[in-house]
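Visitor: I'd like to ask you about the structure that follows.
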Amino acid sequence: MNFAQLFEALDQSNKTSDKLRNLRNFFACATEEEKIWTLALFTHRRPKKVVSTALLKNWTMELANLQPWLFDACYQTVGDLAETISLLWPETKNPEKPDFSLNRIFTELESLSKATEYEKKNFISYHLHGFSQQEKLVFVKLLTGGLRIGVSQNLVVQALSKQFEIESSVVAHRLTGNWKPGTSTFQQLLLETNFDDNLSKPYPFFLAHPVEKPENLGQPAEWSAEWKWDGIRSQLVKRGDQFFVWSRGEELITDKFPDLQNLALALPNGTVIDGELLPWANKKPLSFALLQTRIGRKNVTKKQLLEAPAAILAYDLLEFEGLDIRNESLQFRRLKLKELVVHLSEPNLMISPDFACNSWTELEALREKSREMGAEGLMIKRIASPYQVGRKRGDWWKWKVQPMTIDAVLLYAQKGHGRRADLFTDYTFGIWDGDKLVTFAKAYSGLTDAEIKQVDAFIKKNTLEKFGPVRTVKPDLVFELAFEGIQLSNRHKSGVAVRFPRILRWRLDKRAEEANTLDQLKELIVGA
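Under the working numbering, the residue at position 291 of the sequence shown is numbered 291, and the numbers go up by one with no gaps.
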């Protein structure tokens, strides 16, 4: 399986198990060069774009003898520029099929950075005339920097872990840093033993199950409660004078949060803390959206550090003075954690407050204040519980507040990907601002397959305008949307941004005029 085949297999599957299998098959059979370049793409080490999409479009129209309006009509139908070009490029064959290996392609692309437009056109034409349609698609996406692969970095880590029998945390650690395909080999990067692997290694996270009726858990005196914060679940690891920050997805995120480097000096060696990484200021959490501005960025700006200063609200102590204390009771671990945090007195390392459970009724009243605290609800933990591995039922529970809901009107739609590439499945919704509908959220999930087909048929019959792959839809359909959080935002036309929007149900009983208003939406903002 070469990279183009891998891309097609990943794009056409929605099952994690299938994607994992395809990744393992690829890494089992690919050449060393193909593996290292594939890892570079999966870890966002893409080369710079060497040719503009405008030039590719012009060359395609020239060689296929197409007028601009006809090319645009094809693009609107297909919905993806690279796929449109791969379908329209003439089918003439080269005497010899070009070698579709990432190592060769990227090496030659690098040499094109200073080439003339004529040289670039000849290079691209040579390859597109000899590649299959799928290879053309991937090649154009590589040219334009538009390659988006439908797998998370964590899934790639899992595949490598299983295929080469290396712990996933070790794989994740080895993939970090400033390595480059041209200077690092796959063997050096992944398969050679690294002394720092054990130093950096986090513990598997203990995860909670949802609970709806905590009174069924028995005597409240056996439990304690904490706020369920809305941030990044993380572990701080300090060993051998080295400091690491891991996310729950086993991503090493130390470099993304330089404002935690004071803890690298303050924490004693042999310490591992489990907690929530949050944007924090004025003794309260800031919006998670601010934290998102720092996630995925290679370099964090001074402005971002000021707008979204990071802090850790510590839940648990897993390693103390170099000893694994996970089998001790939660009560013991929390006592040691509090002593450590108080002793360090670092402003961006705080203990997440816990509460005794005197009664379930009292706890329910506390839960109702979650949104005022910037929390998603409560965590309920058995006082005597050890720190276990994974999502084990019995000792840790999450009791989230009910999601906020609003009735909104479907305004725009776009086709999906993979097996839903021919169906309109990506929706943009609006609410009333006076006598106008303003957009405020996008949602992709919540409808059954049968409902998606019905909505798709409506969209195709009631399209008002076309903007590339996007369709403006006659504003008739009303849906109830659920979301976890809401805040004011200058980035959205409505002035509001919601968190984790999804469709709860199709409101066939409502007309568009009965959808909610912007004022009603803003009433849900705490402190607005």
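All C-beta atoms in this analysis are idealised placements derived from N, C-alpha and C, irrespective of residue type, glycine included.
No experiment lies behind these values; they were computed from the predicted model shown.
When the Cα of GLU96 is compared with those of PRO285, CYS74, GLY130, TYR203, which residue comes out closest?
Guide: Taking only the C-alpha atoms, the option nearest GLU96 is GLY130.
Visitor: Kindly indicate which residue of GLY182, GLY249, LEU70 has the alpha-carbon position closest to the one of THR38.
Guide: Comparing Cα-Cα distances from THR38 to each of GLY182, GLY249, LEU70, the minimum goes to GLY182.
Visitor: Which value, in whole angstroms, describes the spacing of the CA atoms of LEU447 and GLU368?
Guide: Straight-line Cα distance between these residues: approximately 29 Å.
Visitor: How should GLN520 be labelled, buried or exposed, when 16 other C-beta atoms within 10 angstroms of its C-beta is the threshold for buried?
Guide: That one is exposed.
Visitor: Please list the terminal residues of the continuous alpha helix (DSSP H) segment that includes TRP360.
Guide: From DSSP, the alpha helix (DSSP H) with TRP360 extends over 360–367.
Visitor: Cα separation between THR428 and GLY495?
Guide: Rounded to the nearest angstrom, the two C-alpha atoms are 15 Å apart.
Visitor: How would you call ASN516, buried or exposed, if buried means at least 16 neighbouring beta carbons within 10 angstroms?
Guide: By the neighbour-count rule (16 or more Cβ atoms within 10 Å), ASN516 is buried.
Visitor: With DSSP collapsed to three states, give me the class of TRP179.
Guide: Correct three-state label for TRP179: coil.
Visitor: So the candidates are LYS381, LYS461, ALA30, PHE440; which of them puts its Cα closest to the Cα of ALA408?
Guide: It is PHE440.
Visitor: Starting from ALA264, follow the alpha helix (DSSP H) in both directions and report where the run begins and ends.
Guide: First-last of the alpha helix (DSSP H) with ALA264: 261–266.
Visitor: For ALA28, count neighbouring C-beta atoms within 10 Å of its own C-beta (all shown protein chains included) and say buried if the count is 16 or more, exposed if not.
Guide: The residue in question, ALA28, is exposed, as its Cβ has fewer than 16 Cβ neighbours within 10 Å.
Visitor: Is it right to say VAL342 is buried, meaning 16 or more other beta carbons lie within 10 angstroms of its own, or is it exposed?
Guide: Exposed.
Visitor: When you compare the region 469–480 with the region 267–278, are there three or more beta-carbon pairs, one atom per stretch, that lie closer than 8 Å?
Guide: In short, these stretches do not touch, since the Cβ pair count stays below three.
Visitor: When DSSP labels each residue in this structure, what does ALA311 get in the three-state scheme?
Guide: Three-state result, ALA311: strand.
Visitor: Please work out which residues of its chain come closer than 6 Å, Cβ to Cβ, to GLN487, disregarding the five sequence neighbours upstream and downstream, and give them in chain order.
Guide: Counting only Cβ-Cβ distances below 6 Å, and skipping sequence neighbours, we find SER287, ALA497.
Visitor: By Cβ distance below 6 Å, which residues in the same chain neighbour LYS466 in space, the five residues on each side in sequence not counted?
Guide: Only GLN76 meet the Cβ criterion.
Visitor: Just mark LEU175 as buried or exposed, buried being the case when its beta carbon has 16 or more other beta carbons within 10 Å.
Guide: By the neighbour-count rule (16 or more Cβ atoms within 10 Å), LEU175 is buried.
Visitor: Would you kindly work out how many angstroms separate the C-alpha atoms of VAL548 and GLU364, rounded to a whole number?
Guide: Outside the displayed span of the chain (1 to 528) sits residue 548, for which this structure offers no information.
Visitor: By Cβ distance below 7 Å, which residues in the same chain neighbour ALA145 in space, the five residues on each side in sequence not counted?
Guide: The amino acid at residue 145 is misidentified as Ala; the sequence shows Gly. Same-chain partners within the cutoff: ARG46, LYS49.
Visitor: Excluding the 5 residues flanking LEU189 on each side, which residues of the same chain have their C-beta closer than 8 Å to its C-beta?
Guide: Hits under 8 Å: ILE36, LEU39, ARG174, LEU175, TRP179.
Visitor: Need the endpoints of the beta strand (DSSP E) that THR439 sits in, please.
Guide: Note, THR439: beta strand (DSSP E), 436–443.
Visitor: Check this for me: beta carbons of LEU128 and TRP89, under 7 Å apart or not?
Guide: Result yes, Cβ atoms of LEU128 and TRP89 sit closer than 7 Å.
Visitor: Straight-line CA distance for THR60 to ASP72?
Guide: The alpha-carbon atoms of THR60 and ASP72 are separated by roughly 12 Å.
Visitor: Where do the N-terminal and C-terminal ends of the beta strand (DSSP E) with TYR126 fall, by residue?
Guide: From DSSP, TYR126 is part of no beta strand (DSSP E) but of the alpha helix (DSSP H) over 117–130.
Visitor: With a 10 Å radius around its C-beta and 16 neighbouring C-beta atoms as the bar for buried, classify ASN22 as buried or exposed.
Guide: Looking at its Cβ environment, which holds 16 or more other Cβ atoms inside 10 Å, ASN22 is buried.
Visitor: Could you check how far apart the C-beta atoms of TYR531 and ASP426 are, in whole angstroms? I think they sit under 8 Å.
Guide: Outside the shown range of the chain (1 to 528) lies residue 531, about which nothing can therefore be said.
Visitor: Excluding the 5 residues preceding and the 5 following LYS57 in the sequence, name in chain order all residues of the same chain whose CB lies nearer than 8 Å to its CB.
Guide: PHE71, LEU81, ILE85.
Visitor: Quick check: what's the CA-CA separation for LEU111 versus ASN122?
Guide: Residue identity check: residue 111 is Ser in the sequence provided, not Leu. The straight-line gap from Cα to Cα measures roughly 14 Å.
Visitor: Helix, strand or coil, according to DSSP, for ILE232 in the structure here?
Guide: In this structure, ILE232 counts as strand in the three-state DSSP scheme.
Visitor: Using a threshold of 7 Å, state whether the C-beta atoms of LEU481 and ILE406 are closer than that.
Guide: Yes, Cβ-Cβ distance for LEU481 and ILE406 is below 7 Å.
Visitor: Mind reading off the beta-carbon distance from PRO309 to GLY374? Whole number of angstroms is fine, and I expect it under 8 Å.
Guide: Not really, about 15 Å apart at Cβ, beyond 8 Å.
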